[in-house]
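All letters in the sequence shown, in the order written, are residues 386 to 974 by our numbering.
Below is one structure, written out as structure tokens; the observations come after it.
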Amino acid sequence: MSESILNGYRVLARKYRPERFSELIGQEALVRTLGNALSLGRLAHAFVLTGVRGVGKTSTARLLARGLNCIGEDGKGGPTLEPCGMCEPCQAIAGGHHVDVLEIDAASHTGVDDAREIIEGVGYRPVSARFKIYIIDEVHMMSKSAFNALLKTLEEPPDNVKFIFATTEIRKVPVTILSRCQRFDLRRVPADELAAHLTGICERESISADAEAISAIARAAEGSVRDALSLLDQAAAMTADALSAEGIADMLGRPGRQDSITILGAAMTGDAAAALAALASSMANGAEPEMVIADLLDLVHRASLKAAGGSLDTLLEVERAPVSDLAELGIARLGRAWQMLLKGHGEVTSAPQPAAAAEMLVIRLAHLANMPTPGEIVRKLAGTEPPTPGQPAAPAQTPVMPEAPIGGDAEAPAEPLADPTVPPADPTADPPPAMMMAAQGEVPAAPPEAAPHSAPETDTPPQPTSLLEISDLADRHDQPLLASLIRTHVRLVRLQPGLLEISLTDGAPDSLAGDMARQLTRWTDSRWMVSLSEGPGGRTITEDRQAVRRQQRDELAEAPIMKSIFETFPGAEIESVKPAGQEDEDPRS
Ligand SMILES: [Zn+2]
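Take a look at the structure:
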């Protein structure tokens, strides 16, 4: 790369360094807070600015130094959020040669001696400015003894001294220091805001660039204004023509977005050959395999957001349609692709031949696309797919818990994720419990029918005949806390109409038996007594469920269905076993 291009790198970043707070890109919250502090005269003695590199910490620190010391064009102004830029302090600080504003890079001055120098200097009044200001960049790099020396000064700072610390790693700054600072977090600038900023600069600089090219730079900069401007510089220096997405992709070693869309689209529809061809063309254009996979991850992420009901506003016009198409695959498949790509990204990074690893990954992705999701496999093998339209589903028996789903949420999703082309269910088949798989990030949809409600509502309330029915009653009367306490703490000793004998587990609230008696009487319109017994009693509902689940999991692990699932999804584990129709593990049980 030629010397002139290298020299050109920082031109834009320097030229467009913000001169006023209103020009700080994407830091509106910080500017508002600072403005309030200034106008109220509530200025801290020390500030700490934190954020990733290139978001504007140093620019903000210098602006703040100017704002604190600006005297206005007439020489009479006070501290301000709008430094005039004309007065002597403003100009000297902007030029980096104001005698009272000291910039220290802690990365190169980490010793205690430097801190001592600072402290000795703190004792002297500012030479000409209102405040003596120390800007300490990368403050987390200071040694422990330097921090200690600094701390003494921060504890009793002279009125005319201000400290402005900047750091990329706020966690490495001692709390004793942080607690004496006003803290400002500079956020990463979102890609669309960066793109808008870049577009404006391109117009002023007469750089012609299409929207895709700008968007590619903004994405690559990952929230850093400085990186974005440096990349724009670099790209503009490399060609006299208009900047194009392909040109930017070449420069970054990143895949063109269109290539990534083609790879993912083909892989997710099971077309391994087309996906491999697109991958080969992308790499032939100079894209690093690792970058290709990272871009696929980004696309899957965006498609998942869309599938979950999110908006595509931050995407370019040309990307919206393909991402919408991907979103149609549904969250289950996208989630599985995400898991595979994420794992594969690590493999590609560490593989001796990253290109080969990327190809293997794309092949696996295409192979996976042809597979039903674990939820579909279970339903298919078990013969419990959703019924064809017009044919009522066999009510899903629940071998585990014959009661209605806890929490009153008896609604299964109207549109299960199952492939509607699989043959209809055999209604005579004995459906096994649905299950949840852990390894592939897959959440199987519940079958369409919820478990039947246990007891129909009638005029004379039914009398409960089991602990389960009692906890159900509590749920149905909108007392989830009581229901949960019953499930967790109550062991049944004896139950007959009007009389409940229980024992309680450790940690049960004292009032539980009384509450149960009162509420049972209310729910059933007949008098109930609840007595505490010394007897051991049975298992609590929660213990019962755990035992059943353990047993089911053990049985299930031996079942042929699971054998085939384990073969299809190496590394999969049975995380939990649920009755069909129950959407999630009940968090209260
Ligand atoms: Zn000024």
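By construction, the Cβ of each residue, glycine as well, lies at the ideal position given by its N, Cα and C atoms.
Residues sharing a beta bridge with residue i, DSSP
i	result
serine 916	Glu886
valine 433	Phe550, Arg568
leucine 719	None, per the DSSP bridge assignment.
lysine 517	Val546
arginine 879	Glu886
leucine 628	Ala594
Which of helix, strand or coil DSSP assigns to residue i
i	result
lysine 537	helix
glutamate 413	helix
arginine 1042	Past the edges of the chain, shown from 386 to 974, lies residue 1042, and the structure says nothing about it.
aspartate 522	strand
arginine 399	helix
leucine 664	helix
alanine 491	coil
valine 512	coil
aspartate 811	Because the pLDDT at aspartate 811 is just 42, under 50, the model does not fix this residue reliably, and the value given afterwards should be weighed accordingly. Coil at aspartate 811, not helix or strand.
glutamine 936	helix
glutamine 864	coil
isoleucine 592	coil
leucine 750	helix
glutamate 456	Reading off the sequence, residue 456 comes out as isoleucine, not glutamate. The answer is coil: DSSP assigns isoleucine 456 none of H, G, I, E or B.
leucine 697	coil
valine 733	helix
valine 708	helix
valine 486	strand
serine 689	helix
arginine 405	coil
asparagine 421	helix
methionine 636	helix
valine 507	helix
Status (buried if at least 16 other CB within 10 Å, exposed otherwise) for residue i
i	result
glutamine 412	buried
proline 464	buried
aspartate 618	buried
threonine 647	buried
alanine 398	buried
proline 707	buried
isoleucine 489	buried
tyrosine 509	exposed
isoleucine 504	exposed
arginine 639	buried
alanine 942	exposed
serine 591	exposed
alanine 688	buried
For review: beta carbons within less than 5 Å of any heavy atom in ligand 1: So the residues near ligand 1 by this Cβ test are Cys455, Pro468, Cys469, Cys472, Cys475.
inquiry  = When you compare the region 523-531 with the region 477-485, are there three or more beta-carbon pairs, one atom per stretch, that lie closer than 8 Å?
reply    = When Cβ pairs closer than 8 Å are counted between the two stretches, the region 523-531 is seen not to touch the region 477-485, the count staying below three.
Discussion item. Whether or not the region 453-461 and the region 434-443 are in contact is what I'm after, with contact meaning three or more pairs of Cβ atoms, one per stretch, closer than 8 Å; do they touch?
Written reply: Counting Cβ pairs under 8 Å, fewer than three are found: no touch.
| message | When you compare the region 606-615 with the region 579-597, are there three or more beta-carbon pairs, one atom per stretch, that lie closer than 8 Å? | response | Counting Cβ pairs under 8 Å, three or more are found: they touch.
Mind the definition here: the region 465-478 touches the region 534-546 only if three or more C-beta pairs lie below 8 Å; say whether that holds. No, because fewer than three Cβ pairs between the region 465-478 and the region 534-546 fall closer than 8 Å, the two stretches do not touch.
**Asked** Per the contact definition of three or more C-beta pairs closer than 8 Å, is the region 723-743 in contact with the region 619-630?
**Response** Three or more beta-carbon pairs separated by less than 8 Å are not found between the region 619-630 and the region 723-743, which leaves the two stretches without contact.
For this session: Examine the Cβ distances between the region 738-749 and the region 655-664 and report whether three or more of them are shorter than 8 Å.
Result: Verdict: yes, contact present.
Q.
For the pair the region 404-418 and the region 635-653, tell me if three or more CB-CB distances fall below 8 Å.
A. Taking a cut-off of 8 Å on C-beta distances, the region 404-418 does not touch the region 635-653, as fewer than three cross pairs fall below it.
For the pair the region 881-898 and the region 906-917, tell me if three or more CB-CB distances fall below 8 Å.
A contact exists between the region 881-898 and the region 906-917.
Self-check item: the region 711-719 / the region 669-678 touching (three or more Cβ pairs under 8 Å)
Solution: Not touching, per the Cβ criterion.
Below 8 Å, how does it come out for the region 543-562 and the region 427-436: are there three or more Cβ pairs, yes or no?
Counting Cβ pairs under 8 Å, three or more are found: they touch.
Can we say the region 922-936 touches the region 892-899, given the rule of at least three CB pairs closer than 8 Å?
The region 922-936 is not in contact with the region 892-899.
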